[in-house]
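Since the structure comes first, as structure tokens, the remarks are kept for the end.
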Amino acid sequence: MNKAPVEVSIDELDYAGPDQDELVRIWNELAFKSLLEKLDYTAEATEKEDLNFEVLETVDASLLEDGMAVHLELYDEHYHSCDLLGVSLASEKATYVIPMEVVVESDALKAWLEDASATKYMSDSKAATAAFLRKGIKIDGVDFDLMLGAYIVNPSLKYTDLADIVREYGYSDVSTNEQVYGKGAKKKVPEAADLNEHMARKARAIFNVRPVVVKKLEENEQFDLYDKLELPLAKVLGQMESLGVKVDRGQLADMGVELKRKLGMIEQEIYSLAGQEFNINSPKQLGVILFEQLGLPAIKKTKTGYSTAADVLEKLEGKHEIIHHILMYRQLGKLLSTYIEGLLKEIHEDGKVHTRFQQALTTTGRLSSTNPNLQNIPVRLEEGRKIRKAFVPSQPGWVMVAADYSQIELRVLAHMSKDESLIEAFQSDLDIHTKTASDVFNVSLEEVTSDMRRAAKAVNFGIVYGISDYGLSQNLNITRKEAADFIERYLASFPGVQGYMTSIVEQAKKDGFVTTLMNRRRYLPDINSSNFNLRSFAERTAMNTPIQGSAADVIKQAMIEMDIALEREGLQSKMILQVHDELIFEAPAEELEKLMELVPEVMESAVKLNVPLKVDIASGDTWYDTK
DNA sequence: AAACGCACGC
DNA sequence: GACGTACGTGCGTTTG
């Protein structure tokens, strides 16, 4: 639900009634009531405007026009594996439903879908593209994507359902998937008449709402971001997902056996040290053992009991031998459950994993990755890093290539803040954390100690991710006061950054939103809140989102250009993954030399900043070896 | 089924 | 001083 857009600042009115937060609360209550009424209203289903549509048993090419809404109905969100239920079409004058068995038999429809010059309006075109591909249909000519458009207009709204998207634009003549299919164990495909109407209403909704979204994008000067970045990216991502990543099942299985053996031994050791058996995976039981039976000091609490999180346990490491074993058990258990067993479950019949990149989800503009998540494969600790040995090229004689942007967020910050010292540092290609330490601690580069560099790195981390002094104090295990002092010294050393931070917050307070390099927006409804926590959070978000979001803009641009460059150079090499600041490829060995030159060139020139972009690249037989 | 605690990435 | 911790996904446990 939207936060109340209280436009008038009550502070300025010397008003004795409820304060701004109270008004927000009242407004939200009213909005919630009206939402409940709306839900009741739609639950009656009969209240929707009648929609006439035709169910086609054959597809006559003459029905297929340019600028039609096209919708592929999928049974669930796992479009690399779920059932395809049918296609619906909508134009100014007509609405059609084409049952799936007709779709797969129709050459006319296939030809039209594959015709790049036949423009189509869709929603979540990436899902449709990938799913159609499973039926041998290479859809082209996607000219509009409702979901992406709506996401660019407001990335903070979480909608997984078309009905929720169009409702945001005042259109309520389409049911949610949950209303049509049910949920959980009761989920099922309804009878044909209901399914057909649902599909028909979706195509109609896309067609009718499109102009409203386009107008909003144009008003906000975001049409290019949508049309030249997100829409072409959807096609590139769809190709990457469909191609997938080859996984060495045997390698994972072997690691699993070894992990289980180690876990069994650690488990016995823990029971022995505890003097009893218990479920180590239960924080509740573990808490009782550690803080009641063994009498260790409980440093931190959660809302339900003792905290047994790693940062707490690490502080207890000297106090009892059991702690070390629990930390080890946690680390290896994570590897086994998530990265061995979890990953094995995701391998398709082709021996590959086909992640889905969520392109309309994060508030900053980053992608996310699910089923499996390939953006959080371990790398930091060696034991975990070995998981990457299981990610291999899909063909013999091919290799893996990984290219990552060096300090892209801080380079973006240098550009946006125009901070002279930061710009100079990147132009000289200095180690940025050492340079930061040198400025903050007022010593020469040579005099920077490893502790000084570590502290500076944490501060840079804080700047990039918008953490609070409290967050920094937790990171560095220092007091909040000391952390605040660090930040103050940082900002004094980089006055350009100081000025940027001040002005971006001012701007957010004035406009109610912040923007990135490519005009991606994030609204900050709490920026003027009288609640300290809400307001502080919004202020940090104001500082952080342009940095993280602009970095996302840059790599997205690079991906589009990389796709074009591979095609232009006639290479067989494929881009297969994106992990926020890095791109991963598989390549025939013969193309390696060419690729190692091409990739950094394309990535470094994707966007022109007032500091250079720098890319590190490496190749190897597995993902693990690209280091 | 949903909420929680925890842990992995950038 | 506030009281919590950038952005995500997924696992196992507990709770309802």
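Position one of the first sequence corresponds to residue 103 (our numbering), numbered consecutively onward. C-beta atoms are modelled at their ideal positions from N, C-alpha and C, and glycine is treated no differently.
For residue i, I'd like the list of residues in its chain whose CB is within less than 7 Å of its CB, leaving aside the five on either flank, ordered along the chain.
i, result
"PRO474", "GLY444, LEU445, GLU448, VAL455 and THR457"
"ALA516", "LEU524, ILE525, PHE528 and VAL713"
"LEU354", "ILE442, LEU445, LEU446 and ALA492"
"LEU636", "ASP628"
"ILE425", "LEU415, LEU418 and GLU419"
"ARG555", "HIS535, THR536 and ALA539"
"GLU703", "none"
Let me confirm a value: residue i is counted as buried when at least 16 other C-beta atoms fall within 10 Å, else exposed. Which label applies?
i, result
"ASP162", "exposed"
"ARG482", "exposed"
"LYS729", "exposed"
"ASP178", "exposed"
"ILE666", "exposed"
"PRO257", "buried"
"TYR572", "exposed"
"PRO648", "buried"
"ASN579", "exposed"
"LEU138", "Because LEU138 carries a pLDDT of 42, less than 50, the predicted location of this residue cannot be relied on, and no value is offered for it."
"MET620", "buried"
"ARG312", "buried"
"GLY467", "buried"
"ALA145", "For ALA145, the predicted model reports a pLDDT of 42, less than 50, meaning its position is unreliable; a value from the coordinates is still stated below. Exposed: under 16 other Cβ atoms inside 10 Å."
"THR61", "Lying before the first or after the last residue shown, residue 61 is absent from the chain, which here runs from 103 to 729."
"GLN509", "buried"
"LEU437", "buried"
"GLU149", "exposed"
"GLY352", "exposed"
"LEU333", "buried"
"LEU78", "Here the chain covers residues 103 to 729 and nothing more, so residue 78 does not appear."
"SER707", "exposed"
"MET367", "exposed"
"GLY340", "buried"
"SER225", "buried"
"SER208", "buried"
"THR404", "exposed"
"ARG490", "buried"
"ASP541", "buried"
Here's a check: name, in chain order, each residue in its chain whose Cβ is nearer than 8 Å to the Cβ of residue i, leaving out the five neighbours to either side.
i, result
"PHE615", "ARG623, ARG624, TYR625 and LEU626"
"ILE678", "MET342, LEU345, GLY346, VAL347, ILE686, PHE687 and GLU688"
"TRP500", "GLU688, ALA689, PRO690 and ALA691"
"LEU335", "GLN461, LYS658, MET661 and ILE662"
"LYS710", "none"
"VAL316", "PHE246, GLY251 and PHE325"
"ALA640", "ALA610, LEU626, PRO627, ASP628, ILE629 and SER631"
Quickly, what does DSSP pair residue i with across the bridge? List them, please.
i, result
"LEU685", "ALA505 and GLN680"
"THR464", "THR464 is not bridged to any residue."
"HIS173", "SER190"
"SER471", "PHE459"
"TYR223", "ALA171 and PHE246"
"TYR408", "LYS403"
"VAL206", "For VAL206, which the question treats as bridged, DSSP gives no partner whatsoever."
"PHE615", "TYR625"
Assuming residue i and residue j make a contact with CB atoms under 8 Å, what is their CB distance in whole Å?
i, j, result
"SER183", "GLU167", "32 Å between Cβ atoms; not a contact."
"VAL244", "SER227", "4 Å"
"ASP655", "THR617", "At roughly 10 Å, the Cβ-Cβ gap does not stay under 8 Å, so ASP655 and THR617 are not in contact."
"ALA218", "ASP247", "At roughly 16 Å, the Cβ-Cβ gap does not stay under 8 Å, so ALA218 and ASP247 are not in contact."
"THR197", "ALA302", "5 Å"
"LEU191", "VAL172", "6 Å"
"ILE53", "ALA505", "What is shown of the chain runs 103 to 729, which leaves residue 53 out entirely."
With a threshold of 6 Å on Cβ separation, who are the neighbours of residue i within its own chain once the five nearest residues in sequence on each side are excluded?
i, result
"LEU235", "SER344"
"ASN381", "GLN387"
"ASP553", "none"
"VAL561", "PHE588 and TYR592"
"PHE134", "For PHE134, the pLDDT reaches just 41, beneath the cut-off of 50, and the residue's location in the model is therefore unreliable, leaving the point undetermined."
"ASN298", "VAL157 and VAL199"
"GLY564", "LEU574"
"TRP214", "LEU166 and ALA220"
"PHE325", "LEU319"
"ALA210", "VAL161 and ALA163"
"LEU132", "Here the model assigns LEU132 a pLDDT of 41, short of 50, so the residue's position is not dependable, and the following value carries that caveat. If we look at LEU132 and ignore the five residues flanking it on each side, it has no Cβ neighbours."
Can you give, in chain order, each stretch of the beta strand (DSSP E) that sits fully within the segment 318-406 and has at least 3 residues? If one requires a minimum length of 3 residues, the beta strand (DSSP E) runs lying completely within the segment 318-406 are 347-349, in chain order.
Alpha helix (DSSP H) runs contained entirely in the segment 627-675, provided each spans 4 or more residues: The DSSP assignment places complete alpha helix (DSSP H) segments of no fewer than 4 residues inside the segment 627-675 at 634-670, in order along the chain.
Within the segment 246-315, note down every full alpha helix (DSSP H) run reaching 4 residues or more, in order along the chain. Segments of the alpha helix (DSSP H) lying fully in the segment 246-315: 248-255, 264-269 and 279-283.
Enumerate, from N- to C-terminal direction, the unbroken alpha helix (DSSP H) stretches of 4 or more residues contained entirely within the segment 682-729. Listed in chain order, they are 694-706.
Just list the alpha helix (DSSP H) runs in the segment 481-562, keeping only unbroken ones of 4 residues or longer that don't cross its boundaries, in chain order. Every alpha helix (DSSP H) stretch that sits fully inside the segment 481-562 and reaches 4 residues is listed by chain position as 484-487, 510-519, 522-529 and 534-542.
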